[in-house]
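A quick write-up on the structure given underneath.
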Amino acid sequence: KTGNAWFAWDNYRRFLQCYGMAFGLKRDDFDAIISDYKQKMDTPYKSGLTGKQMKKVALAYKSLILDTGIEVIEDPFEQLLTCIQSIFESWEKAKAKAYRKIMGISDDWGTAAIVQAMVFGNISDMSGTGVLFTHSPRMSSDSLRLWGDFTVENQGEDVVSGLVTTLPISKVQQTIEQRETDITLETHFPEIYNTLKEYVFQLIYDKGWSPQEMEFTFEGPSRKNLFLLQTRDMAMREMKKQMIFDLEEILSKEIFLGHGIGVSGGAMSGRIVFTLDEIKKWRNTEPKCLLILIRGDTVPDDILEIHASDGLLTARGGLTSHAAVVAHRLEKTCVVGCGNLICDEKKKTAMFNSTCLQSGDFISIDGQEGSVFKGLLRVKQK
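Every position in the sequence shown, counted from 1, becomes a number in the working numbering once 15 is added.
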């Protein structure tokens, strides 16, 4: 028992959303509810809500589920069995099959469920969660450099799904990626950072492991509050020569829109698209035109759109988010976490401060530097 009402109701809200989505409800329906409450309370972040307000959000989620005719099971053991069965059944869903086909995953395998105790990165503003690489994906050096994403007062799913704007792990990463924040794990949670660094040195140097991708959660700022959730071999990125924008053209025009985190690819210009139907339309009318998919964030369901487009730009998410991993695997140009982007998929508009772009307009992104520009720009070999 923590005595923290916000924490308790936030966890119940998360459970209800995952439960509802397992039965076919859309994440956008839940997002609309919490966005409405944040707007009413004049706070951009859910952490700005009080415990009582978070309770209202959770109960609104529950009403949405019940109004759809879905029964919310209250018995914890029955919940667990239902969730495990839902995981097994998800393997045969159409979108899962499409994802496997695109990513080259065999249909002959299956999915598994792990049942384990939970640790919480949303327990207070001194808790958090993240994903780190033991080596920088931006450099070809063999030197150990802690790199990746973390966030405060959130859970791991928020980082991996690209639901939040993430923070850099180290000061070096902050500088190289030109992050617009003074917060890093190294500076604000030094004991967590140094402990992770110890573990990395043990795995790589003492045990001889290959470069790793590690997930972690901390329930407080001290060493005893750190939990390593999993580690796996890091997918090493091949350093290729990329295209860059013509600097003279950029400097001669007022076309800068914003800055995010460059994930993969080089400089490219293309038309803005929001849906698979739009992508198909442009492929028929202008088959040589490059297309850039714009999203607030992405989920695995967006795999068809990402695969069919040439580039991806998101408002939220970090280097280790689902969007970033998939875009890199599919060799797409990708920029995530463009903080001043407001994406409205229903209206098919992308707002950058006072500049509004619509579906079909040209936009330019740099998958290395993370810069975003208005219009069609010339590119050249770096």
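Even for Gly, the Cβ is constructed at its ideal location relative to N, Cα and C.
On a predicted model such as this, the values are computed, not experimentally measured, just so you know.
Spatial neighbours of residue i within its chain, please: C-beta separation below 7 Å, excluding the five flanking residues on both sides.
i      : result
Thr117 : A small fix is needed here, since residue 117 is Ile in this sequence, not Thr. Only Ile318, His322 meet the Cβ criterion.
Ile380 : Met283, Ile307, Gly326, Leu328, Thr348, Val350, Val387
Val179 : Thr166, Asn169, Asp173, Arg331
Gly277 : Val350, Asp381, Gly382, Gln383, Glu384, Gly385
Lys256 : Gln396, Lys397
Ile309 : Ile287, Phe289, Leu328, Cys358, Ala365
Quick one, which of the options has its alpha-carbon nearest residue i's?
i      : options                        : result
Tyr398 : Val167, Ile259, Ser121, Leu161 : Since the first residue shown for the chain is 16 and the last is 397, residue 398 is missing from the structure and cannot be characterised.
Ser374 : Asp292, Gly352, Ser336         : Asp292
Lys290 : His274, Phe271, Gly333, Asp316 : Contrary to the premise, residue 290 reads as Thr rather than Lys in this sequence. Answer by Cα proximity: Asp316.
Leu147 : Glu228, Val130, Glu320         : Glu228
Lys53  : Gln396, Gln68, Phe22           : Gln68
Gly66  : Tyr34, Asp90, Tyr27            : Tyr27
Gly352 : Thr149, Leu392, Ala338, Thr83  : Ala338
Could you give the distance in angstroms between the alpha-carbon of residue i and the alpha-carbon of residue j?
i      : j      : result
Glu234 : Asn137 : 8 Å
Leu345 : Asp140 : 36 Å
Gln189 : Leu96  : 43 Å
Ala365 : Pro152 : 29 Å
Phe45  : Thr199 : 30 Å
Ser336 : Met249 : 14 Å
Ile265 : Ala342 : 26 Å
Ile99  : Phe92  : 11 Å
Gly145 : Phe231 : 5 Å
Arg238 : Glu104 : 39 Å
Val72  : Ile48  : 7 Å
Gly311 : Asn355 : 11 Å
Ser158 : Gly280 : 23 Å
Ile294 : Lys362 : 16 Å
Starting from the C-beta of residue i, find all residues in its chain whose C-beta is less than 8 Å away, skip the five residues before and the five after it, and write them out in chain order.
i      : result
Lys268 : Gly390
Assign residue i to one of three DSSP states: helix, strand, or coil.
i      : result
Ile117 : helix
His274 : strand
Thr423 : This structure gives no information on residue 423, because the portion of the chain shown stretches from 16 to 397.
Thr202 : helix
Ile219 : helix
Gln68  : helix
Met249 : coil
Leu266 : helix
Leu241 : strand
Val134 : coil
Asp46  : helix
Lys386 : At residue 386 the sequence reads Ser, which differs from the Lys that was named. In the structure shown, Ser386 sits in a strand (DSSP, three-state: E or B).
Phe233 : strand
Gln396 : strand
Hey, would you say the C-beta of residue i is under 6 Å away from at least one heavy atom of the ligand ZN?
i      : result
Asp140 : In the structure on display, the ligand ZN does not appear, and there are no ligands present to speak of.
Quick one: what's got a C-beta closer than 6 Å to residue i's C-beta in the same chain, skipping five residues either side?
i      : result
Leu262 : none
Leu243 : Phe231
Of all the beta strand (DSSP E) runs that stay within the bounds of the stretch 328–379, which reach a length of 3 or more residues?
348–351, 356–359, 364–367, 370–373
Going along the chain, which unbroken runs of the alpha helix (DSSP H) with 4 or more residues stay wholly within the stretch 283–310?
291–300
Could you name each continuous alpha helix (DSSP H) segment of 4 residues or more that falls completely within the stretch 75–111, going from the start of the chain to the end?
91–105
Start-end ranges of the alpha helix (DSSP H) lying completely within the stretch 141–202, minimum 4 residues:
171–175, 186–191
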